[in-house]
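>
Numbering (full-length UniProt numbering), first residue to last: 1 to 691.
1. For residue 203, which of helix, strand or coil comes out of DSSP?
2. For residue 416, I'd like the list of residues in its chain whose CB is within less than 8 Å of its CB, leaving aside the five on either flank, ordered along the chain.
3. Do you know whose CA, among 653, 667, 652, lies nearest residue 659's CA?
4. CA-CA distance, residue 64 and residue 100?
5. If you follow the beta strand (DSSP E) that residue 11 is in, where does it begin and where does it stop?
6. Could you tell me which of 557, 108, 311, 218 sits nearest to residue 120, measuring between CA atoms?
7. Report the option in 393, 75, 611 whose CA atom is closest to the CA atom of residue 236.
8. So the candidates are 653, 227, 175, 159; which of them puts its Cα closest to the Cα of residue 195?
9. Using CA coordinates, which residue listed in 53, 131, 217 is at the minimum distance from residue 85?
10. According to DSSP, residue 628 sits in a beta bridge with which residue or residues?
11. Residue 386 lies in the beta strand (DSSP E); which residues open and close that run?
12. In chain order, what residues of the same chain lie with their CB nearer than 8 Å to the CB of residue 176, ignoring the 5 residues before and after it?
13. Work out the CA separation of residue 535 and residue 129 for me, nearest whole Å.
14. Ignoring anything shorter than 4 residues or poking outside the segment 515-584, list the alpha helix (DSSP H) runs there in chain order.
15. Since I believe residue 406 is in contact with residue 391 (beta carbons under 8 Å), could you give me their beta-carbon distance rounded to a whole number of angstroms?
16. Just tell me which of 61, 104, 124 has its CA closest to the CA of residue 97.
17. Do residue 434 and residue 208 have their C-beta atoms closer together than 8 Å?
18. Does the separation of the CB atoms of residue 113 and residue 244 fall below 8 Å?
19. What are the boundary residues of the beta strand (DSSP E) that includes residue 471?
20. In or out: residue 543 buried (at least 16 other Cβ within 10 Å) or exposed?
21. Quick one: grab the DSSP three-state call for residue 609.
22. Buried or exposed for residue 615, please, with buried defined as at least 16 other CB atoms from any protein chain shown within 10 angstroms of its CB.
23. DSSP has residue 106 in a bridge; who is on the other side?
24. Between residue 460 and residue 174, how many whole angstroms is the CB-CB distance? I'm expecting something under 8 Å.
25. What number of angstroms, rounded off, separates the C-alpha of residue 549 from the C-alpha of residue 480?
26. Tell me whether residue 452 sits in a helix, a strand or coil according to DSSP, three-state version.
27. Let me know if residue 612 comes out buried or exposed under the rule of 16 or more other beta-carbons within 10 Å of its beta-carbon.
28. Within this structure, are the beta carbons of residue 354 and residue 374 separated by less than 8 Å?
29. Please report the distance separating the alpha-carbon of residue 518 from that of residue 143.
30. If we count the other Cβ atoms within 10 Å of its Cβ and call it buried at 16 or more, is residue 562 buried or exposed?
31. Mind checking which residues open and close the beta strand (DSSP E) that includes residue 297?
32. Quick test of your reading: residue 283 and residue 294, contact by CB under 8 Å. State the CB separation rounded to the nearest angstrom.
33. With a 10 Å radius around its C-beta and 16 neighbouring C-beta atoms as the bar for buried, classify residue 22 as buried or exposed.
34. Would you check if the segment 358-374 and the segment 266-273 touch, i.e. whether three or more CB-CB distances between them fall below 8 Å?
35. Taking the straight line between their C-alpha atoms, what separation do you get for residue 499 and residue 462?
36. Count the other CB atoms within 10 Å of the CB of residue 265; is the residue buried (16 or more) or exposed (fewer)?
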C-alpha cells in the first residue's frame with residue numbers, strides 16, 4: 001500500500017513522476033477529463049443560473065473505478081493535472097468524483113517535469129483554485145450554449161454535420177474577409193530601375209531612388225523614360241556615403257503561438273502536429289540510463305518570462321561554449337499585452353546542457369527537429385545582440401539619384417545559434433560594397449527597368465492566422481490548434497499551397513451567422529469575452545454574471561433565427577461526364593477532404609471518383625499518359641501518370657511543359673523558401689529563382 005496517491009492526466013507523465021517521487025507515492029493517470037457535459041443534450045440548465053449537468057464520460061467508468069479504489073487505500077490524494085485552467089478543472093472534477101476536499105492542500109502544479117521541479121512542487125501543495133475552475137467552466141458553458149443552439153439550426157436549415165463556435169466562427173470570418181479583399185483588389189502598375197556599377201574592378205548594384213534629392217515613385221513607363229533621358233553618359237558621382245552601426249536583438253523565447261508559427265515556417269508543421277510533439281517532449285522521453293525525462297517546460301503559455309535558474313544555466317553554457325562577449329549584458333523585458341495571462345514561463349528546455357545532438361538517438365525525427373528549434377531559440381534569446389555595419393551610398397548623374405546599400409555582420413551575437421524566420425523577412429546576409437567616398441566616380445555598366453504590379457494581401461497560412469488571432473485577443477494558447485483543425489474538418493475551408501481558401505459551404509455558414517448572430521462574428525465582442533473570462537479567473541466577476549450578460553442578447557437572436565432563417569439548398573454541380581457504372585450524370589459533392597465526383601443516382605449507385613487535375617504535361621516515362629496532380633494519404637500534393645498502375649511515374653516536384661535545354665530531360669518546379677526554381681531532373685541545369 002502506498003502512502004500517497006498522485007493523479008496526473010497521462011501515463012507518460014505518471015511514469016516519469018513516479019520515478020522522481022519514490023516508493024511512498026503511487027502515480028496514476030486519469031487519461032484527461034473524467035467528467036464533462038453530456039454529448040447527447042445541452043447539459044446546461046438555462047432556467048436555473050446556467051447550472052451545468054456533469055456526467056462521467058463514456059468509457060471512463062473503469063478508469064474512475066480504479067482511481068477510487070486507489071484513493072481509498074492512500075493516506076492522501078494529490079491532484080497534479082496540467083498547470084492551466086483546464087488542468088484545474090480536471091483536478092476539480094476528480095476531487096468531486098473521489099471525495100477529496102477541494103479546500104485541502106490537494107493540488108500540486110509544476111511547469112516542468114524534472115526531478116527538482118517535481119520535488120519542489122510537493123513541498124507546497126495548495127487548495128483547488130475555484131476562480132480558475134469557474135473561468136474554465138464559463139468557457140465550456142459559453143461554447144456549449146453557442147454550439148448546441150446554432151449547430152442544430154444549421155443542420156435543419158443547411159445540412160447535417162455542421163457546427164458553429166465563438167473562436168472558429170471568427171477564424172472563418174478572417175479567412176473569408178481576406179478572400180473578398182483579394183477578389184476586389186485592383187493591381188496598380190509601378191516600375192523600378194536597377195543598375196550595375198563599377199568602381200575600378202569591383203561591381204555593385206544600386207536602385208533608382210529619386211530626382212534632385214527627392215524620392216520619386218515610378219508609376220508608368222513614361223516616368224522611366226523621363227529618368228533615363230536625364231542620365232548623361234555612364235559616369236556617376238558619389239554624392240553621399242552614410243556608415244552606421246546597427247544592433248539586431250534576438251527573438252524572445254517561445255510562447256504557444258510563436259512556437260506554432262515558427263514550426264510552420266521552419267519545419268512545415270501544422271499547428272496540431274506541433275502541439276502533439278510538444279506534449280510528448282513535455283511529458284517525458286526515455287533517455288536510456290537517465291530514464292524518462294521531461295525535456296521542455298509547459299507548452300501552453302502566453303508569457304516570455306523565464307526563471308532565474310534557467311537564465312543562470314543559459315549564461316553558464318553560453319560563456320563556456322561561445323565566450324563572454326556573447327553574453328547578454330542586460331535582460332530584455334517584453335511589454336506585456338493586455339490579454340496576457342502570464343501564468344507560466346516561456347517554452348524552454350528543462351536542461352540547457354541537454355544539447356539536441358546528444359539526444360538525437362532517443363528522439364523521433366520530428367521530435368528532434370522541434371526540440372532543436374526550442375533549444376536554439378531559448379539559447380539565442382539569452383545571447384548578445386548581433387552588430388551590423390551598414391553602408392548607404394547615393395550616386396548622382398544630372399540630378400538622377402541611385403542608391404546602393406550594403407551591410408556586413410560585424411559581430412554575429414545570437415545569430416551564431418539561431419535566426420527567427422518570418423513570412424516577409426529576408427534573411428540577413430553580408431552584402432558588401434566597395435570602398436567608396438564622396439566625390440568618387442563610378443561607371444554605369446548596365447541598367448534594367450522592370451514593370452511590376454501591386455499584389456493583394458496573401459491568403460492566411462496557419463502561422464499568419466494564429467498570429468492574427470493572437471493580436472486580436474481571440475482565443476487562448478490552448479485553442480488555436482483545435483480551432484484550425486475544426487474549420488478544416490467541417491469543410492469550411494480548404495488548403496491551397498498551404499494557404500486557407502474558404503469553400504462554398506464555409507461562405508454559406510458564415511453568411512447565416514453574420515445575418516442572425518452578428519455578435520459571434522464581432523472581433524471586439526469576442527475579444528471582450530476573452531477578457532471577461534480572464535476577469536473570472538482573477539476573481540473580479542462571478543461567472544454566472546458573464547454568462548447571463550451574453551445569453552440575454554443571444555437568446556433573442558436565436559428566436560429570430562428560428563423563425564426567419566431560410567432553408568439553404570446546396571445543389572450538386574454537374575461534373576460534365578456520365579457514370580461509367582450506371583450511365584447517370586456524375587456530380588461534384590463536398591466531402592471531408594474537399595470536392596469529389598459522385599454518381600447522381602446515389603444511393604442506388606455508389607460510384608465515386610477523385611477530381612483529376614491535369615497540368616498539361618505528357619508523361620516523360622511512357623509518352624502516352626498525361627501528368628495529373630494527386631494527393632497522398634497525408635494530403636501532400638504529388639504528380640503522377642494518369643495511366644497508373646501501367647505507368648508508375650511520380651514526382652513530388654511539379655513537371656513543366658518544356659525540356660531541359662542542356663540534356664533534353666524533364667524540367668520541374670522546385671519550391672524554395674522564397675520562391676520557385678526550375679531545374680532539371682537529370683543534369684545540373686537550374687534557372688534563376690522566381691518569387
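Note that beta-carbon positions come from the ideal geometry of N, C-alpha and C, so glycine has one too.
In short, the structure shows the following:
1. For this step, residue 203 is matched to residue 203 along the chain shown. Note: residue 203 maps to strand in three-state DSSP.
2. Mapped onto the chain shown, residue 416 falls at position 416. Closer than 8 Å at the Cβ level, and outside the excluded window around residue 416, lie 322, 326, 383.
3. The count along the chain shown starts at 1 and reaches residue 659 at position 659. Selected option, being the one with the closest Cα: 667.
4. As a position in the chain shown, residue 64 is number 64, starting the count at 1. As a position in the chain shown, residue 100 is number 100, starting the count at 1. Their backbone Cα atoms lie some 14 Å apart in a straight line.
5. Start at 1 with the first residue of the chain shown, and residue 11 comes out as number 11. Run containing residue 11: none in the beta strand (DSSP E); it sits in the alpha helix (DSSP H), 11-21.
6. To locate residue 120, count along the chain shown from 1; it is residue 120. Of 557, 108, 311, 218, the residue nearest in Cα terms is 108.
7. As a first step, residue 236 is located in the chain shown; it is residue number 236 there, counting from the start. Among 393, 75, 611, the Cα nearest to that of residue 236 belongs to 393.
8. The sequence position of residue 195 within the chain shown is 195, counting from 1. Minimum Cα distance to residue 195 is reached at 227.
9. Position 85 of the chain shown, counted from the first residue, corresponds to residue 85. Among 53, 131, 217, the Cα nearest to that of residue 85 belongs to 131.
10. The residue labelled residue 628 in the question sits at position 628 within the chain shown. Answer is 614, 640, bridged to residue 628.
11. Here residue 386 is taken as the residue at index 386 of the chain shown, counted from 1. 386-397 is the extent of the beta strand (DSSP E) around residue 386.
12. As a first step, residue 176 is located in the chain shown; it is residue number 176 there, counting from the start. The answer, listed in chain order, is 502, 506, 507, 510.
13. Against the chain shown, residue 129 aligns to sequence position 129. Against the chain shown, residue 535 aligns to sequence position 535. Going from the Cα of residue 129 to the Cα of residue 535 covers about 14 Å.
14. 518-521, 523-537, 543-564
15. If you number the chain shown from 1, residue 391 lands on position 391. If you number the chain shown from 1, residue 406 lands on position 406. About 5 Å; that satisfies the 8 Å criterion.
16. Mapped onto the chain shown, residue 97 falls at position 97. Among 61, 104, 124, the Cα nearest to that of residue 97 is on 61.
17. Reading the chain shown from its first residue, position 434 is the one you call residue 434. Reading the chain shown from its first residue, position 208 is the one you call residue 208. No, Cβ-Cβ distance for residue 434 and residue 208 is not below 8 Å.
18. By 1-based counting over the chain shown, the position of residue 113 is 113. By 1-based counting over the chain shown, the position of residue 244 is 244. It is not a contact, given that the beta carbons lie outside the stated cut-off.
19. Taking the first residue of the chain shown as 1, we reach residue 471 at position 471. Here residue 471 belongs to no beta strand (DSSP E); instead the alpha helix (DSSP H) covers 462-472.
20. Counting from one through the chain shown, the residue named residue 543 turns up at place 543. Looking at its Cβ environment, which holds 16 or more other Cβ atoms inside 10 Å, residue 543 is buried.
21. The residue you call residue 609 lines up with position 609 of the chain shown. Correct three-state label for residue 609: strand.
22. As a working mapping, residue 615 is identified with position 615 in the chain shown. It counts as exposed.
23. Within the chain shown, the letter at position 106 stands for residue 106. Note: residue 106 sits in no beta bridge, so no partner.
24. Here the question's residue 460 lines up with position 460 in the chain shown. Here the question's residue 174 lines up with position 174 in the chain shown. That pair is a contact at about 7 Å.
25. To locate residue 549, count along the chain shown from 1; it is residue 549. To locate residue 480, count along the chain shown from 1; it is residue 480. Using only the alpha carbons, I get a separation of about 25 Å.
26. Translated into positions along the chain shown, residue 452 becomes position 452. It is a strand residue.
27. Taking the first residue of the chain shown as position 1, residue 612 is located at position 612. With fewer than 16 Cβ atoms within 10 Å of its Cβ, residue 612 is classed as exposed.
28. Here residue 354 is taken as the residue at index 354 of the chain shown, counted from 1. Here residue 374 is taken as the residue at index 374 of the chain shown, counted from 1. No; because the gap between Cβ atoms is not below 8 Å, this pair is not in contact.
29. For this step, residue 518 is matched to residue 518 along the chain shown. For this step, residue 143 is matched to residue 143 along the chain shown. Those two C-alpha atoms are separated by around 16 Å.
30. Within the chain shown, residue 562 is the residue found at index 562, counting from 1. It is exposed - the Cβ of residue 562 has fewer than 16 other Cβ atoms within 10 Å.
31. On the chain shown, position 297 is the one that residue 297 refers to. Per DSSP, residue 297 belongs to no beta strand (DSSP E) and is neither H nor E.
32. The residue you call residue 283 lines up with position 283 of the chain shown. The residue you call residue 294 lines up with position 294 of the chain shown. About 6 Å; that satisfies the 8 Å criterion.
33. What you label residue 22 is simply residue 22 of the chain shown in a count that begins at 1. Its Cβ having fewer than 16 others within 10 Å, residue 22 is exposed.
34. yes
35. As a working mapping, residue 499 is identified with position 499 in the chain shown. As a working mapping, residue 462 is identified with position 462 in the chain shown. Their Cα atoms are separated by approximately 7 Å.
36. Reading the chain shown from its first residue, position 265 is the one you call residue 265. So residue 265 counts as buried.
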